[in-house]
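Just so we're on the same page, the working numbering is the position in the sequence shown counted from 1, plus 60. Notes to accompany the following structure.
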Amino acid sequence: MHIQKHSDVEIQYLENKENISPVNKKKPEQKNLKKSIKPIVNFPTFSLKEGNILTRHLQNEKKEIRTVSKYKDLIFKHEISIDKEVVFYNNFFFEQRTVLVNWITGLQENLHFSDDALYFCIHLIDLALSKNQLHENKCYVFGVVCILIAQKYEETEWKSVEAILLIARKHGLSKMYKKQDVLRNERQFLNHIEYNVKWQNPLYFLRNANRANSFDDKVLALGKYFLEIMFYHEKTYSYSNRVKAATAVLMARKFLKKETNENLFNFYTNTEKSELYSCFMNLREIIERPPEYQNIRKKYQSAKKLKIYNILYN
């Protein structure tokens, strides 16, 4: 990684002393140093501006209890450790999976569940496929099962099975499926996976990457679109969530001409550009044409998503 030094200023980040300060060439005394965090990539040398931004971020984290700043490095390492590629059975067609993901996306607006819950649904679909537990003639009812489980896991309020079925029927689910069918399929699936629904949420990495742009709303919205569309395509699905999320934000930064604080971006994503190159090129090829799936188009044409789709393709 090529890192530009600025005025001989170095930034040191200490695990037990979250202090970011410009330090001249003079070596700090050993007694003030404890065990340093060893990131996956070489720790970058920040510009003075980047150092000030990082200082402000760390100070704000300490004031905000939700950031659990004391444990954020352990959380980051844990997220990387569970970010694994899912392997499907050979008799599965990726197109079938994409149709199901698009169908669930179509229910998202009416059921008012979050993008976090949507990605949890996708995780459950992939988990079922990896266990050879998803059959073509039961795709949509399993989609209802995914929504039911995901909202319990990710939402503070959730719809009843009857309410989900009512909306799902308006989007093509057969009327033959009743509440008891959904609950029976839910039990069977959870028993088969031994109730192990541990997962890695790709939005964790996406939001982390957006810190380099100080939580810019447009970068976040466009990054979300790029990340989501990658889950529709086999050529980008196999990359880790960390790489997909970093690539999505990198593409959003380029498109919006907001490629500032490059060293901060490398730091928050724990990646280098060379690591993202292949995924970036595949994503660029994907977004050259509007998506053929209407539900993701409608979603990102909404004011809630800042009409990002219109910015991209109009």
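Even glycine gets a Cβ: it sits at the ideal position worked out from N, Cα and C.
For I253, the CB contacts under 7 Å within the same chain, skipping 5 residues up- and downstream, are L187 and K191 in chain order. Residue environment for H183: buried (at least 16 other C-beta atoms within 10 angstroms of its C-beta). For the options L189, Q119 and K238, the alpha carbon positioned closest to that of L226 is the one of K238.
Ranked by how close their Cα comes to the Cα of I371, the residues Y285, N355 and K123 have Y285 in first place.
Cβ neighbours of E196 within its own chain (closer than 8 Å, five residues either side excluded): Q156. Every alpha helix (DSSP H) stretch that sits fully inside the stretch 100-181 and reaches 4 residues is listed by chain position as 108-123, 132-141 and 154-171. Within the same chain, T307 come within 6 Å of F340 by CB-CB distance, once the 5 residues on both sides are set aside. The residues Q260, S300, N301 and R302, in chain order, have a CB closer than 6 Å to that of D143 in the same chain once the five nearest residues on each side in sequence are set aside. Sequence-distant Cβ neighbours of C181 in its own chain, meaning closer than 7 Å and more than five residues away, are I164, C206, I207 and A210.
Distance from N162 to I356 at the Cβ level is roughly 6 Å; contact confirmed, criterion being Cβ atoms closer than 8 Å.
Note on Y255: under 16 other CB atoms within 10 angstroms of its CB, so exposed under the neighbour-count rule. Around the beta carbon of L108, a 10 Å sphere encloses fewer than 16 other beta carbons of the protein chains shown; the residue is thus reported as exposed. Taking the Cα of C199 as reference, the smallest distance to any Cα among L233, F265 and A177 is reached at L233.
With a cutoff of 9 Å on beta-carbon distance, V257 and Y297 are scored as not near each other. At a Cβ-Cβ threshold of 9 Å, H117 and G166 do not count as neighbours. F148 and R247 have their C-alpha atoms roughly 22 Å apart.
The stretch 275-285 makes no contact with the stretch 326-343: fewer than 3 CB pairs, one atom from each, lie closer than 8 Å.
Take N321, set aside five residues on each side of it, and the residues of its chain with a beta-carbon closer than 6 Å to its own are E110 and A272, in chain order. Distance check between I289 and each of L336, E335, R349 and R313 places R349 closest, using alpha-carbon atoms only. Relative to the Cα of M236, the nearest Cα in the group V201, E352, L160 and L316 belongs to V201. If the five residues before and after E215 are omitted, its C-beta is found closer than 7 Å to the C-beta atoms of F173, S174 and A177, all from its own chain and listed in chain order.
Annotated three-state conformation of T307 is helix, per DSSP.
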